[in-house]
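In this note's numbering, the protein residues as written are 1016 to 1313. Glycine included, C-beta positions come from ideal geometry on N, C-alpha and C. Predicted model, so just to flag it, every value in this text is computed and none were measured. In what follows, a structure is listed as structure tokens, so that the remarks can point back to it.
Structure follows, in structure tokens:
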């Protein structure tokens, strides 16, 4: 019985230590970063819970169903300080990935934009913490040197946070291997939507993506045209093939023969030799309402 009591006592002690550490991280961010403080306050006011966890391999995560942010307690505080801001930004993003109604092209765009947006805000907060939380600034800068360089350079020139966020957001897309990991996960998830009657029908415009993901102070900080650019829509040859195959295999195409257009036709495609091919089709206008892709047809 004494051993059981000791186990419960130790578990209670560890839980209390986790709570104190979590509160310390929150307090330190709020003191060191205005943008971080705003994101944390928004998350808490919307009922989001923040806790330490050892149940995930990720540095941090946000679950929209439970409205809970988990920070991996195995990582150092310097890493978790900016990660907390990243997850708080995810908590206030309104568009949710996972609807089988979205075309593969749009699903990839949503996942990319959400991560780039959360990372850009994380970058901005890490920059603000550079004097009082130098370790957090250094940790982020080492992990994401391209983003921090883009942000710093713009701040040095214009001192405009919105412009710096824009540059950091776009810099996220420059890490091809990092982006490809998200794309692979997206394709794996979207392959399960083929049983839905409306699967893969809706393709969002750049304007809709900017409005849904990249809002700051009531306006988008990323121009809509970016989301149809080569920089934002290039995938590997293998990924383009998988994307097209997923849509072609939908049961609505069971008795269709010949060439079947899909939303994968909107991607720029990077071949193995590094050559990037232009999209087979282009979205007509960013100012149009959501384009419906029926059976892959525009």
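Original post:
Is it the case that the Cβ atoms of residue 1136 and residue 1100 are separated by a distance below 8 Å?
Top reply: Locating residue 1136 in the chain shown gives position 121, where the first residue counts as 1. Locating residue 1100 in the chain shown gives position 85, where the first residue counts as 1. Yes, the Cβ-Cβ distance between residue 1136 and residue 1100 is below 8 Å.
Subject >> Proximity winner among 1224, 1249, 1119, relative to residue 1239 (alpha-carbon distances) >> reply: The residue you call residue 1239 lines up with position 224 of the chain shown. Of the candidates 1224, 1249, 1119, the one whose C-alpha sits nearest the C-alpha of residue 1239 is 1224.
Original post:
So, using beta-carbon positions, are residue 1278 and residue 1120 closer together than 8 Å?
Top reply: Locating residue 1278 in the chain shown gives position 263, counting from the first residue. Locating residue 1120 in the chain shown gives position 105, counting from the first residue. The answer is yes: Cβ separation under 8 Å.
Original post:
Taking Cβ positions, are residue 1247 and residue 1282 nearer each other than 8 Å?
Top reply: As a working mapping, residue 1247 is identified with position 232 in the chain shown. As a working mapping, residue 1282 is identified with position 267 in the chain shown. Against a cut-off of 8 Å, the Cβ pair of residue 1282 and residue 1247 comes out as no contact.
Original post:
How far does the alpha helix (DSSP H) with residue 1297 in it reach, from first residue to last?
Top reply: For the purposes of this step, residue 1297 is identified with residue 282 of the chain shown, where counting begins at 1. No alpha helix (DSSP H) holds residue 1297; DSSP gives it neither H nor E.
Subject >> Burial state of residue 1221 (16 or more Cβ within 10 Å) >> reply: Here residue 1221 refers to the residue found at position 206 when the chain shown is read from its first residue. By the 10 Å Cβ count, residue 1221 comes out buried.
Original post:
Can at least three beta-carbon pairs, one atom from the region 1070–1085 and one from the region 1173–1183, be found at a separation below 8 Å?
Top reply: no
**OP:** Quick one: grab the DSSP three-state call for residue 1261.
**Re:** Residue mapping note: residue 1261 aligns to position 246 of the chain shown, counting from 1. Note: residue 1261 maps to helix in three-state DSSP.
**OP:** Report yes if the CB atom of residue 1143 is closer than 8 Å to the CB atom of residue 1039, and no otherwise.
**Re:** Start at 1 with the first residue of the chain shown, and residue 1143 comes out as number 128. Start at 1 with the first residue of the chain shown, and residue 1039 comes out as number 24. Result no, Cβ atoms of residue 1143 and residue 1039 do not sit closer than 8 Å.
**OP:** Would you list the residues sitting across from residue 1235 in a DSSP beta bridge?
**Re:** As a first step, residue 1235 must be located in the chain shown, where it is residue number 220. Partner(s): 1230.
**OP:** Buried or exposed for residue 1270, please, with buried defined as at least 16 other CB atoms from any protein chain shown within 10 angstroms of its CB.
**Re:** By 1-based counting over the chain shown, the position of residue 1270 is 255. The residue is exposed, with fewer than 16 neighbouring Cβ atoms inside 10 Å.
Original post:
Considering only residues of the same chain and omitting the five flanking positions on each side of residue 1324, which have a CB-CB separation below 8 Å?
Top reply: Residue 1324 falls outside the range modelled here, since the chain spans only 1016 to 1313, and no answer is possible.
**OP:** Report yes if the CB atom of residue 1228 is closer than 8 Å to the CB atom of residue 1140, and no otherwise.
**Re:** As a working note, residue 1228 is residue 213 in the chain shown. As a working note, residue 1140 is residue 125 in the chain shown. Not in contact: residue 1228 and residue 1140 (Cβ atoms no closer than 8 Å).
**OP:** Report the rounded CA-to-CA distance for residue 1205 versus residue 1042, giving the unit in angstroms.
**Re:** Along the chain shown, read from residue 1 onward, the residue named residue 1205 stands at position 190. Along the chain shown, read from residue 1 onward, the residue named residue 1042 stands at position 27. Rounded to the nearest angstrom, the two C-alpha atoms are 39 Å apart.
**OP:** State the Cα-Cα distance for the pair residue 1074 and residue 1045, rounded to the nearest angstrom.
**Re:** Stepping through the chain shown from its first residue, residue 1074 is reached at position 59. Stepping through the chain shown from its first residue, residue 1045 is reached at position 30. Distance between the alpha carbons of residue 1074 and residue 1045: 20 Å.
Subject >> Spatial neighbours of residue 1092 in its chain, beta-carbon cut-off 7 Å, leaving aside the 5 residues before and after >> reply: On the chain shown, residue 1092 is found 77 positions in, with the first residue counted as 1. Correct list, in chain order: 1040.
Original post:
Would you report the Cα separation of residue 1218 and residue 1126, rounded to the nearest angstrom?
Top reply: Residue numbering aside, residue 1218 sits at position 203 when the chain shown is read from its first letter. Residue numbering aside, residue 1126 sits at position 111 when the chain shown is read from its first letter. So the alpha carbons of these two residues sit roughly 14 Å apart.
**OP:** Could you name each continuous beta strand (DSSP E) segment of 3 residues or more that falls completely within the region 1034–1117, going from the start of the chain to the end?
**Re:** 1064–1068, 1075–1078, 1083–1087
Original post:
Would you say residue 1275 and residue 1202 are within 8 Å of each other, going by their C-beta atoms?
Top reply: Numbered from 1 along the chain shown, position 260 holds the residue referred to as residue 1275. Numbered from 1 along the chain shown, position 187 holds the residue referred to as residue 1202. No, the pair does not count as a contact, with Cβ atoms beyond the cut-off.
Original post:
Where does the unbroken beta strand (DSSP E) through residue 1145 begin, and where does it stop?
Top reply: Taking the first residue of the chain shown as position 1, residue 1145 is located at position 130. Neither: residue 1145 is in no beta strand (DSSP E) and is coded neither H nor E.
Original post:
Thinking just about the alpha-carbon of each residue, which of 1028, 1035, 1102, 1070 is nearest to the one in residue 1051?
Top reply: Here the question's residue 1051 lines up with position 36 in the chain shown. Minimum Cα distance to residue 1051 is reached at 1102.
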